[in-house]
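Here the protein sequences line up with chains A and B, keeping their order.
Just so you know, we're using UniProt numbering here: the first sequence kicks off at 1 and counts up by one.
Just so you know, we're using UniProt numbering here: the second sequence kicks off at 1 and counts up by one.
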Amino acid sequence: MAICTVYTTPSLNSTCSISTTSKTQLGFHQKQVVFYSSGKKTSKRGSNTTSPYVITCTTSAGDSKTVVIGLAADSGCGKSTFMRRLTSVFGGAAEPPKGGNPDSNTLISDTTTVICLDDYHSLDRTGRKQKGVTALDPRANDFDLMYEQVKALKDGIPVDKPIYNHVSGLLDPPELIKPPKILVIEGLHPMFDSRVRDLLDFSIYLDISNEVKFAWKIQRDMAERGHSLESIKASIEARKPDFDAYIDPQKQYADAVIEVLPTQLIPDDNEGKILRVRLIMKEGVEFFNPVYLFDEGSTISWIPCGRKLTCSYPGIKFFYGPDTYFGHEVSVLEMDGQFDRLDELIYVESHLSNISTKFYGEVTQQMLKHADFPGSSNGTGLFQTIVGLKIRDLFEQLISTTAKTPVEATKA
Amino acid sequence: MACLVAGTGVVGCCPRTVRGGGGGSSLSPRSEALSFSKESVLVRMGEAKKGLTVKAMAVAPKFIGTQRKEQQLAEMIEKKVIEAKEVCGEDGRSDECKVAWDEVEEISQAKADLRLRLEKQDPLEFFCQDNPETDECRLYED
């Protein structure tokens, strides 16, 4: 709904033309209506000017803000499970843009647009080879452009964003991105540049331990001709120095870190099927209240399996407690083990607090909706879903605190 | 799932004393509403787990263009793994070595993404609707 007011009213006789623009000078999503009046008119002030009056209309709070979320992940762009769960929480599935470049990395749903930060590579594959830099290296990325465009989208201005084509390794012609309600920037460096960092309303870092990374990449690559256990291992090892130098340090800036580790429930397990997942949540983040178990701020060790709930081997173990992480106060919620059945999931959900659900069982419902996604039976799916709900909560709080923007008429 | 869609946020709604062990032998009438979806979930969660251990069957591409892309990526992976092994040969810490394995990673991920995307729809679907006569839009037959 738009509210438009004109403070001074010249008489609007004879011909009028109305032009609208959604480009703004004040940084809100606005429509400006310009009235030109021709012919003589007498105004209260007695002037005979025919200068146009600009009437500025602002849409009510809720339409005028783009919330920006950063997600640091080393698992390709946009197709990651986390992204799919996140966009599902907001409603609808995010799809690649219809028409346009079939190799686009962007995903768009009704509320959310997911941008892959690889699109801001300043060097294509050949360029990186020539300069001897990996994609992880900041020198391969144009942070100025990243900042410019994320800022523009946040301010409600559409941008022509480049496309990095992962198949050809080239930079393709740009695609138009319109400002969405929720913008997610996903990739290797969402929190690397401090200017971009300051634009983020919430940031998440997905921290996969080496053993788990190895297990996942085996699942991903073993069927491919050319790959072997050695080649998969060599690839991880070769990228590690750049990863540790440029990507890993970003986790200190994240509002939430999801750490994925091998289980402690099975001694010497190296299959990576049972996972121990830790949700590390920064304290004191605006609009973000960390999830807790039973008693906020205390330390809890919880095994839900027992008389009321029977679980199959190796069971489920929870931990909750305060901690410090890179000098920040955090709360940590940890799950080790696997869900086997619906009732285990509901049982666990019913004991968690501050999960920002809109109805009892929403977490379970979301998990079931995507039961075929990886991580659906362990902490990765559970915490990704919960983080999605927390982001929804943050979004709703943010837009409801947007001040009703004042409406004014300015002489053009 | 009568309890779950109640939307009342009443914590006591769903019984906390649901017995585990599948089958639902001690189900109260309220839980009966859950049992239908429980079965389908039992199956689905089992399948989800299976998906972790067994390689999922690949979905065939619809258009020749996509099949060629898959083929191209597969060949690139093979080629670049060999290249990387050669380049890294003696000094596994040189810049060239890092870049070579980074390329392998990029292509491997691109192939995996394409495979995943194919499960929903051939990426050329919209392009081919508008340009059905192009070479890459011929239908792929196994």
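Note that beta-carbon positions come from the ideal geometry of N, C-alpha and C, so glycine has one too.
Here the structure is a predicted model, which is why all the values come from computation and not from measurement.
Around the beta-carbon of residue 281 of chain A, 16 or more other beta-carbon atoms lie within 10 Å, marking it buried. Residue 401 of chain A and residue 382 of chain A have their alpha carbons spaced roughly 29 Å apart.
For residue 185 of chain A, the enclosing beta strand (DSSP E) begins and ends at 182 to 187. Residues of the segment 108 to 136 of chain A with a C-beta atom less than 8 Å from some C-beta of chain B are 125, 128, 129, 132, 133, 134, 135, 136, listed in chain order. By the Cβ criterion, the segment 95 to 111 of chain B is in contact with the segment 212 to 225 of chain A, since at least three pairs of Cβ atoms, one from each stretch, lie closer than 8 Å. Within chain B, the C-beta atoms nearer than 7 Å to that of residue 226 of chain A come from 77, 78, 81, in chain order. One Cα belongs to residue 197 of chain A, the other to residue 115 of chain A, and the distance between them is close to 15 Å. For residue 84 of chain A, DSSP records no beta bridge to any residue.
When C-beta distances to chain B are compared with 8 Å, the residues of the segment 272 to 297 of chain A below that value are 273, in chain order. Taking 8 Å as the cut-off, the Cβ atoms of residue 241 of chain A and residue 124 of chain B do not count as close. One Cα belongs to residue 104 of chain B, the other to residue 77 of chain B, and the distance between them is close to 6 Å. According to DSSP, residue pairing for residue 292 of chain A in a beta bridge involves A:353. When C-beta atoms of the segment 64 to 81 of chain B are compared with those of the segment 130 to 140 of chain B, three or more pairs fall below 8 Å, so the two segments count as touching. Chain A has a Cβ within less than 8 Å of the Cβ of residue 92 of chain B. Here DSSP, grouped into helix, strand and coil, assigns residue 287 of chain A to coil.
Taking 8 Å as the CB threshold, residue 76 of chain A lines the interface with chain B.
Interface flag for residue 97 of chain B against chain A is set, since a Cβ pair is found closer than 8 Å. Three or more Cβ pairs closer than 8 Å define a contact, and the segment 77 to 92 of chain A meets that threshold against the segment 373 to 387 of chain A.
Residue 139 of chain B does not reach chain A, its nearest Cβ partner there being about 16 Å away, counting only Cβ pairs nearer than 7 Å.
From the listed residues A:215, A:234, A:285, A:267, the smallest Cα separation to residue 87 of chain B is found for A:234. Of the other Cβ atoms in all chains shown, fewer than 16 fall within 10 Å of the Cβ of residue 130 of chain A; this residue is therefore exposed. Rounded to the nearest angstrom, the gap between the Cα atoms of residue 193 of chain A and residue 128 of chain B is 39 Å. Within chain B, the residues whose beta carbon sits less than 7 Å from that of residue 221 of chain A are 108, listed in sequence order.
For residue 356 of chain A, not one C-beta of chain B is nearer than 8 Å to its own C-beta.
In this structure, A:189 is the residue among A:189, A:248, A:262 with its C-alpha nearest to the C-alpha of residue 141 of chain A. Note on residue 71 of chain B: under 16 other CB atoms within 10 angstroms of its CB, so exposed under the neighbour-count rule. When only Cα atoms are considered, residue 247 of chain A and residue 374 of chain A end up about 24 Å apart. Per DSSP, reduced to three states, the secondary structure at residue 73 of chain A is coil, with no helix or strand assignment. The C-beta of residue 104 of chain B comes closer than 8 Å to at least one C-beta of chain A. Taking 8 Å as the threshold, the shortest C-beta distance from residue 181 of chain A to chain B does not fall below it. Contact between residue 367 of chain A and residue 376 of chain A holds, since their C-beta atoms are separated by about 6 Å, short of 8 Å. Put simply, the CB of residue 135 of chain B is far from chain A, with every gap to its CB atoms at 8 Å or more. It is roughly 14 Å from the alpha-carbon of residue 98 of chain A to the alpha-carbon of residue 131 of chain B. In the three-state DSSP reduction, residue 161 of chain A falls in the strand class (E or B). For residue 139 of chain A, no CB of chain B lies under 8 Å from its own CB, so it is not counted at the interface with that chain.
In the same chain as residue 80 of chain B, and ignoring 5 residues on each side of it, the C-beta atoms closer than 8 Å to its own belong to 100, 103, 104, 107, in chain order.
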